[in-house]
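>
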Amino acid sequence: MKKLLSMGLIVLLTIALLTACGGGTANDSNEKEQAAPNDSATEEQGATGDQEQEDADEKGAETAAYKDGTYKAEEPEFDDHGWKGQIEIKVEGGKITEVNYDEVNQEGKKKSEDTEYHKRFKEQKNVDLLDAYETLKKDLVEKQDPDAVDTYTGATGTTEKFKTLAKEALKEAQSK
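Numbering (mature numbering (1 follows the signal peptide of the UniProt record, and there is no 0)), first residue to last: -26 to -1, 1 to 150.
#1: Quick one: residues in its chain with C-beta nearer than 6 Å to the C-beta of G59, no 5 flanking neighbours on either side, listed in chain order?
#2: In this structure, how does DSSP classify V101 when only helix, strand and coil are distinguished?
#3: Please name the residue in G43, G128 and K85 whose C-alpha comes closest to that of Q98.
#4: Candidates S(-21), E62, D42 and D105: which alpha carbon is nearest T125's?
#5: What first and last residue would you give for the alpha helix (DSSP H) that runs through E134?
#6: When you compare only the Cα positions, how much space is there between E51 and I61?
#7: Measuring alpha carbon to alpha carbon, tell me which of D102, Q148 and K(-25) ends up nearest I63.
#8: V73 lies in the beta strand (DSSP E); which residues open and close that run?
#9: Near D121, which residues of its chain fall below 8 Å by C-beta distance, leaving aside the five closest residues on each side in sequence?
#10: Apply the 10 Å Cβ neighbour rule to Q118 and answer buried if 16 or more other Cβ atoms are within range, or exposed otherwise.
#11: Could you pull out every residue in the same chain whose Cβ sits closer than 7 Å to the Cβ of residue 161, ignoring the five residues on either side in sequence?
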């Protein structure tokens, strides 16, 4: 009986302590939140807007830094499947205007021209590799930044090769 009474007192004291440490009531916190939602939202929007403007200014400064010319990059070695990525980027007026990307095998055959490979790739991954190439190239011309290029679903490896080679080629195009 003493054990039961002791346990009951411990539970009661624990509840009392937790309630006392809880601070105000739920109504108090709701009233505070309702009293100033516009102030905090305005501050957050202002800060976010300022940051977005700074980011846009920096991005504009970065993309305008390309020197006109044609820049190339190529993977140093063939991958496990026997392909090596190659990219050529044309810059006019400080902006990327044209991108050519493909992968070649040891015989020099382009992956974009290998219809058997495309067929197998589409069957295995349900991805049109030619569409992936075109989308990546278009995305780079639009966004002017390899890091901003979206990953093509189902062609993640190709996307990573593309971005890496684009960055490498554009290093030469950076104004000093």
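Note that the Cβ used here is the ideal one computed from N, Cα and C, for glycine as well.
This is what the structure gives:
#1: E49, E77, K135 and L139
#2: coil
#3: G128
#4: D105
#5: Where E134 is concerned, the enclosing alpha helix (DSSP H) starts and stops at T130 to A147.
#6: Going from the Cα of E51 to the Cα of I61 covers about 14 Å.
#7: Q148
#8: K69 to V78
#9: Excluding sequence positions up to five before and after D121, its CB lies within less than 8 Å of the CB of K137 and K141, all in the same chain and listed in chain order.
#10: buried
#11: One cannot answer for residue 161 here, as it falls past the ends of the chain, which runs -26 to 150.
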